[in-house]
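Engineer:
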Amino acid sequence: MMEQNLPSLSGVDWSPDAPPPTVTPAVLTVDLMALQENYRTLRKMAAPAECAGVVKGDAYGTGLAPAARALWAAGCRVFFVAVPAEGHTLRLTLPEAVIYVLGGLLPGAARDYAALDLRPVLGSPEEIAEWAALCREEGRHLPAALHVDTGINRLGLTPKQVEWLTANPRDLGDMRVSLIVSHLACADEPNNEMNRIQTETFDTLRNLLPPAPASIANSPGTLNGPAYHYDLVRPGIALYGGNPFAGRANPMKPVTYLYGTILQVRSIPCGASVGYGATWRARRDSRIAVIGAGYRDGYFRSLSGRSDRSEEHTQVYIAGQFAPVVGRVSMDMITVDITDLPGDTVRRGTKAELIGNHVTVDDVARWAGTIPYEVLTSLGSRYARLYSAYEEN
40 MMEQNLPSLS GVDWSPDAPP PTVTPAVLTV DLMALQENYR TLRKMAAPAE
90 CAGVVKGDAY GTGLAPAARA LWAAGCRVFF VAVPAEGHTL RLTLPEAVIY
140 VLGGLLPGAA RDYAALDLRP VLGSPEEIAE WAALCREEGR HLPAALHVDT
190 GINRLGLTPK QVEWLTANPR DLGDMRVSLI VSHLACADEP NNEMNRIQTE
240 TFDTLRNLLP PAPASIANSP GTLNGPAYHY DLVRPGIALY GGNPFAGRAN
290 PMKPVTYLYG TILQVRSIPC GASVGYGATW RARRDSRIAV IGAGYRDGYF
340 RSLSGRSDRS EEHTQVYIAG QFAPVVGRVS MDMITVDITD LPGDTVRRGT
390 KAELIGNHVT VDDVARWAGT IPYEVLTSLG SRYARLYSAY EEN
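One rule links them: number in the working numbering = place in the sequence shown (from 1) + 39.
1. May I ask you to report which of helix, strand or coil DSSP gives HIS127?
2. Does DSSP classify ASP210 as helix, strand or coil?
3. Rounded to the nearest angstrom, what separates GLY283 and GLY178 at their Cα positions?
4. Got a sec, what are the start and stop residues for the alpha helix (DSSP H) LEU67 sits in?
5. CA-CA distance, CYS309 and LEU342?
6. Report the residue from ALA362, GLU232, GLN200, VAL140 whose alpha carbon sits nearest the alpha carbon of ALA183.
7. On the CB-based measure, 16 or more other CB atoms within 10 Å of its CB, does ASP383 come out buried or exposed?
8. Using a Cβ-Cβ cut-off of 6 Å (strictly less than) and excluding sequence neighbours within five positions of PRO249, which residues of its own chain qualify?
9. Buried or exposed for HIS447, please, with buried defined as at least 16 other CB atoms from any protein chain shown within 10 angstroms of its CB.
10. Would you kindly work out how many angstroms separate the C-alpha atoms of THR63 and VAL220, rounded to a whole number?
11. Can you say whether ALA285 is buried or exposed, counting buried as having 16 or more other CB atoms within 10 angstroms of its CB?
12. Measure how close the beta-carbons of PRO363 and ASP371 come, nearest whole angstrom, since I'm counting them as under 8 Å.
13. Which one or two residues does DSSP pair with GLY92 in a beta bridge?
14. What did DSSP end up calling LYS292 once you bin it into helix, strand or coil?
15. Could you tell me the alpha carbon to alpha carbon distance between LEU218 and ASP242, rounded to whole angstroms?
16. Please identify the residue among GLU392, ASP379, ARG320 whose C-alpha is closest to the C-alpha of ILE301.
17. Could you name the residues of the same chain whose beta carbon sits closer than 7 Å to that of ARG322, not counting the 5 residues immediately before and after it, in chain order?
18. So what does ILE301 bridge to, in DSSP terms?
19. In its own chain, which residues sit with a C-beta less than 7 Å from the C-beta of GLY142, not counting the 5 before and 5 after it?
20. Identify, in the order they occur along the chain, each residue of the same chain with its Cβ nearer than 8 Å to the Cβ of PRO229, setting aside the five sequence neighbours on each side.
21. My output table needs one value for ARG215: the three-state DSSP class, helix, strand or coil.
22. How far does the beta strand (DSSP E) with PRO164 in it reach, from first residue to last?
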């Protein structure tokens, strides 16, 4: 039965903001020991470089505070968030952590960053000037990272701006450059020439700047080997069990498990349609299970079942067998064809695995035509959330 496939929940902590599972049709469990194991695996791969933890996007949908505490207990001391609000939550959770804000310094917010001991990742002359001014006004050597753009063309100092900074070092003022970072555009394609070009550009630019630890590797960069490790790696999706590479075995442990409750089992005749738009019709007398989760919960509408059946269509795992999603995913419900499952194994209240050991987050991403990053960060707020115990140092 499905319940036998649930991860161990000994020492479970309840999220205080979530309703108990008895009154929610879907439960999201987060295996914090698996998160720790993934961190240790990545840290070992990266050694002697330091391994940071990227916890932006609510720790990729798993919950920033519990994920960060587990990573800290596993030895992680440096964290990356995207925006200062995430940094604020993280600072309240981990008072001693080193926290970098990848989105840079928001205009007029330098004092707010400093008050929370957040380190902005500075990627423009304007940001540098604002941070340097605060250092000067307060008479402090406040730490910050410098972001150099090596070809992804999003945030970061351009080569010409780095050259200007080299010619005008006083523009850095009294700030302490604690890290120099860049970001790989094609790390998930190990043989892409862009990776070599970016690392060569990174070496050139960082050698023009004040000496500081260097970081360019995300999750795939970390797995691509020592050429990308430098002094610090900053994995994200790999920590949370996602596969950084398409078409390659995933070395990471699953962290997130999503189970939906079957609300009703219906028998329909051959030719009957299911769901909005009548996009799926039964080719035989069929049994349909209705599961209490939908696109409001982050189970994408693009996961809707199609009229034909193939192995690549969206599936769930119920009572030891796979069952295809049929009809359209709606806001609160999905429907699956359980005709081929033994009649006594699926009933009202049975749990269905939507994401877990049998249906991975990478499977769901492929079926939805997206990436595991989007699947995890889209997980909804209506789920009851369970967190397993984790190991303390």
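Yeah, the Cβ is synthetic: ideal placement off N, Cα and C, and Gly gets one too.
In this text the structure is predicted, and so the values were computed from the model without any measurement.
Structural biologist: For this structure:
1. Helix at HIS127.
2. helix
3. One point to set straight first is that residue 283 is Pro, not Gly, in the sequence displayed. Going by the C-alpha atoms only, they are around 43 Å apart.
4. Where LEU67 is concerned, there is no enclosing alpha helix (DSSP H), although the beta strand (DSSP E) it sits in stretches over 65 to 69.
5. 23 Å
6. VAL140
7. Label assigned to ASP383: exposed.
8. VAL216
9. The shown model of the chain, from 40 to 432, leaves out residue 447, and the question about it has no answer.
10. Rounded to whole angstroms, THR63 to VAL220 spans 43 Å at the Cα level.
11. exposed
12. Their Cβ separation, rounded to whole angstroms, is 20 Å, which puts PRO363 and ASP371 out of contact at 8 Å.
13. PHE118
14. coil
15. 14 Å
16. GLU392
17. CYS309
18. ILE330
19. ALA121, VAL122
20. Around PRO229: PRO259, ASN263, PHE284.
21. strand
22. Unbroken run through PRO164 is the alpha helix (DSSP H), 164 to 177; no beta strand (DSSP E).
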